[in-house]
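**Q**
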């Protein structure tokens, strides 16, 4: 286990474990945290897992932990690592089983008081229209058409009449990661995904009606479409069984690749292959296809949310609209360019429980956000405060353009279920003015706010370190979880 | 058992076959509760792996896949033949069950199958 004495403080919110800590470290490990969050990381194996990521072949500069770090498998959750081809590897453990688990936020001009009489109806309608839990998805298509979902992503959904082109513009990678190849996805993964396309899933995934309770940066909030006192929607879900299967498939396949390429690893879940190898390219293509499935999934769920609003509010509230702010991935692998020691390099960026946070200079952003920065969506756990931040140019240098993704767990699911009753939690949240619709009370208990870190602390670290700036704070008034 | 982000299960078995069956049973106990009633469905599973840990992960992953595709919780496991790296079994299950913890995948995280004088043991971490 890592101890406090192994960690050097570099700055107010930045710590480092130097390469002298362990013989197999190729680069140092950096942690963004305050004192309290750092102390909390010493109680699990997250920092040991972070140190393990520094042993990956081709890893550059340093690997990173965001302040919402907690123990995962292979990489910690809240981990970022960059590797440089051709020796640099790609590792499924650095992306996660739920490929492109992420968040989409829609904002409206509807004031909370206007919506108040209709919140319960809206929740029930969304619960009816958006499949949740372990069940099937809401879209039935042929297997041939399904391959197009994997290769075209959310653009496929627009072609089918779901959502708008503007939604695509305001989605990371415009809802489609280039390089996807449906042929690299196993039939088993496709079977799982085909059954679940258009569904929220369960676990920590949720659909939330929020009020924008505080605006920190009026100029940016206006461009993002965020108005204090008005309603926003958050959709938090990922690639469902398809992504899980793709990760499982390639963790198994790459066990052989590790031996073939003579790679020594401290943890079997860090299995990997050189990015430029056939195995590495196959995984990337399958991972990209899974990411595209997840974007399509969030895109159609957003469409059904809009339909729910139409069903419930038409004729009851003056003209309104639900506009997409942005959609971000927080479990993904990307190929991006960074300057290291004065030279530009193409790097493979692994973000596992971390969000891209590009700044005003980035040309990757929709035109309307260029000069401003990318919305960084940070959901708190179900039923707690969430934040919308904006990325900075400094983040490119500090964290490979990456930020935190959420609150991070402090209590295991086992303990949460033993100590918290779902029915009690539902009642407590209702007393706080938060209506909850859940498919499983046990599942609800696992996601209790008490089981998570304080997202405000996490966001304060990120803002204090200059990685991203606060734009708005959102509080929930209604939650659906599977 | 406690595991921060996910769920971990400690499994024991007096022999390799019992260990494999207990791992499956334990996974479904985490995932669901069900009534005691005769199974309504059965499947045969046949696996070959490079080592014991991979066989275990493949076995549980196969059951997870079937659970998701068939909407069945498997409650009975009959091992027809088994070796350190191969397994053939008939699994039987029920469609009448209620969800508990949703398991997304079986991981290799910290997976080391220990052989002791009392039998086999391991801790399996599931992604949830």
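Residue numbers (our numbering), protein chains in the order written: chain A, 666 to 1147; chain B, -3 to 124. Note that beta-carbon positions come from the ideal geometry of N, C-alpha and C, so glycine has one too.
Can you confirm whether residue 701 of chain A, when its beta carbon is compared against all beta carbons of chain B, has any partner nearer than 8 Å?
**A** No - not a single Cβ of chain B is within 8 Å of the one on residue 701 of chain A.
**Q** Determine, for residue 792 of chain A, whether the minimum Cβ-Cβ distance to residues of chain B falls below 8 Å.
**A** Chain B, which has no Cβ nearer than 8 Å to the Cβ of residue 792 of chain A, makes this no.
**Q** If you compare alpha carbons, which of A:729, A:816, A:780, A:1025 is closest to residue 981 of chain A?
**A** It is A:780.
**Q** Might you give, ordered along the chain, the residues of its own chain that have their beta carbon closer than 8 Å to the beta carbon of residue 101 of chain B, omitting 5 neighbours on each side?
**A** Taken in chain order, the residues that qualify are 57, 60, 122, 123.
**Q** Secondary structure at residue 860 of chain A, three-state DSSP: helix, strand or coil?
**A** Note: residue 860 of chain A maps to helix in three-state DSSP.
**Q** Quick test of your reading: residue 803 of chain A and residue 863 of chain A, contact by CB under 8 Å. State the CB separation rounded to the nearest angstrom.
**A** Yes, residue 803 of chain A and residue 863 of chain A are in contact; Cβ-Cβ is about 4 Å, under 8 Å.
**Q** With distances taken between CB atoms, is the gap from residue 727 of chain A to residue 703 of chain A smaller than 8 Å?
**A** Not in contact: residue 727 of chain A and residue 703 of chain A (Cβ atoms no closer than 8 Å).
**Q** If we count Cβ pairs, one from each stretch, closer than 8 Å, do we get three or more for the stretch 945 to 960 of chain A versus the stretch 839 to 852 of chain A?
**A** At 8 Å Cβ cutoff, the stretches touch.
**Q** Please check if any C-beta of chain A sits within less than 8 Å of the C-beta of residue 0 of chain B.
**A** Since pLDDT at residue 0 of chain B reaches only 46, below the 50 mark, its modelled position is unreliable, and the value read off the structure follows with that caveat. Yes - at least one Cβ of chain A is within 8 Å of the one on residue 0 of chain B.
**Q** Name the chain B residues whose beta carbon is nearer than 9 Å to that of residue 1071 of chain A?
**A** Those within 9 Å of residue 1071 of chain A in chain B number zero; the least Cβ separation is about 12 Å.
**Q** Going along the chain, which unbroken runs of the beta strand (DSSP E) with 3 or more residues stay wholly within the stretch 743 to 821 of chain A?
**A** Entirely contained in the stretch 743 to 821 of chain A, the beta strand (DSSP E) runs reaching 3 residues are, in chain order, 767 to 776.
**Q** If you run the structure through DSSP and keep just helix, strand and coil, what is residue 39 of chain B?
**A** Residue 39 of chain B falls in the strand class under three-state DSSP.
**Q** Kindly indicate which three-state DSSP category residue 74 of chain B falls into: helix, strand or coil?
**A** Three-state result, residue 74 of chain B: strand.
**Q** Measuring CA to CA, which of B:113, B:97, B:72 is closest to residue 33 of chain B?
**A** Of the candidates B:113, B:97, B:72, the one whose C-alpha sits nearest the C-alpha of residue 33 of chain B is B:72.
**Q** Taking the alpha carbon of residue 854 of chain A as the reference point, which residue from B:62, B:10, B:53, B:51 has its own alpha carbon closest?
**A** With distances taken between Cα atoms, residue 854 of chain A lies closest to B:62.
**Q** If we count Cβ pairs, one from each stretch, closer than 8 Å, do we get three or more for the stretch 917 to 932 of chain A versus the stretch 941 to 949 of chain A?
**A** Judged by Cβ distances under 8 Å, the stretch 917 to 932 of chain A makes contact with the stretch 941 to 949 of chain A, as three or more pairs qualify.
**Q** If you count every other CB in all the chains shown that lies within 10 Å of the CB of residue 743 of chain A, and 16 or more means buried, which is it?
**A** Residue 743 of chain A should be labelled buried.
**Q** Return the bridge partner residues of residue 841 of chain A from the DSSP annotation.
**A** Residue 841 of chain A pairs with nothing; no bridge assigned.
**Q** Please state whether DSSP places residue 924 of chain A in a helix, a strand or coil.
**A** The answer is helix: DSSP assigns residue 924 of chain A an H, G or I state.
**Q** Apart from the five residues on each side of it in sequence, which residues of its chain come closer than 8 Å, Cβ to Cβ, to residue 774 of chain A?
**A** For residue 774 of chain A, where only same-chain residues beyond five positions count, the Cβ hits under 8 Å are 892, 895, 985, 986.
**Q** CB-CB under 6 Å to residue 834 of chain A, same chain, minus the five flanking residues each way: which ones, in chain order?
**A** Once the five neighbours on either side are set aside, the close Cβ partners of residue 834 of chain A are 1031.
**Q** Determine the direct distance from the alpha carbon of residue 1130 of chain A to that of residue 1060 of chain A, and round the result to whole angstroms.
**A** Cα-Cα distance, rounded: 9 Å.
**Q** Can you tell which of A:823, A:1046, A:813 has its C-alpha closest to the C-alpha of residue 968 of chain A?
**A** Among A:823, A:1046, A:813, the Cα nearest to that of residue 968 of chain A belongs to A:823.
**Q** Anything in chain C within Cβ reach of residue 917 of chain A, meaning under 8 Å, just list it in chain order.
**A** The structure shown contains no chain C; the protein chains it does contain are A and B.
**Q** Looking at the structure shown, is residue 948 of chain A part of a helix, part of a strand, or coil, going by DSSP?
**A** Reduced to three states, the DSSP call for residue 948 of chain A is helix.
**Q** As an exercise, report each continuous beta strand (DSSP E) stretch of at least 3 residues that is fully enclosed by the stretch 1009 to 1081 of chain A, in chain order.
**A** As far as the stretch 1009 to 1081 of chain A is concerned, its whole beta strand (DSSP E) runs of at least 3 residues are 1040 to 1043, 1051 to 1056.
**Q** Return the chain-ordered list of same chain residues with a C-beta closer than 7 Å to the C-beta of residue 1134 of chain A, the five sequence neighbours on each side being excluded.
**A** The residues are 882, 1054, 1055, 1057, 1128.
**Q** By Cβ distance below 7 Å, which residues in the same chain neighbour residue 973 of chain A in space, the five residues on each side in sequence not counted?
**A** Closer than 7 Å at Cβ, skipping near neighbours: 787, 790, 791, 794.
**Q** Using only CA atoms, which one of A:913, A:948, A:949 lies nearest to residue 933 of chain A?
**A** Checked all of A:913, A:948, A:949; the closest Cα to residue 933 of chain A is A:913.
**Q** When you compare the stretch 805 to 814 of chain A with the stretch 1008 to 1018 of chain A, are there three or more beta-carbon pairs, one atom per stretch, that lie closer than 8 Å?
**A** With the cut-off at 8 Å, the stretch 805 to 814 of chain A and the stretch 1008 to 1018 of chain A do not touch.
**Q** DSSP puts residue 693 of chain A in a beta bridge; with which residues?
**A** Residue 693 of chain A pairs with A:727.
**Q** Output yes or no for whether 8 Å exceeds the beta carbon distance between residue 16 of chain B and residue 52 of chain B.
**A** The answer is yes: Cβ separation under 8 Å.
**Q** Find out if the Cβ-Cβ distance for the pair residue 1124 of chain A, residue 1043 of chain A is shorter than 8 Å.
**A** Contact flag set, yes.
**Q** Residue 998 of chain A lies in the beta strand (DSSP E); which residues open and close that run?
**A** Here the beta strand (DSSP E) through residue 998 of chain A covers 996 to 1005.
**Q** Excluding the 5 residues preceding and the 5 following residue 1005 of chain A in the sequence, name in chain order all residues of the same chain whose CB lies nearer than 7 Å to its CB.
**A** Contacts found: 725, 726.
**Q** From the DSSP output, in three-state form, read off residue 83 of chain B for me.
**A** In the structure shown, residue 83 of chain B sits in a strand (DSSP, three-state: E or B).
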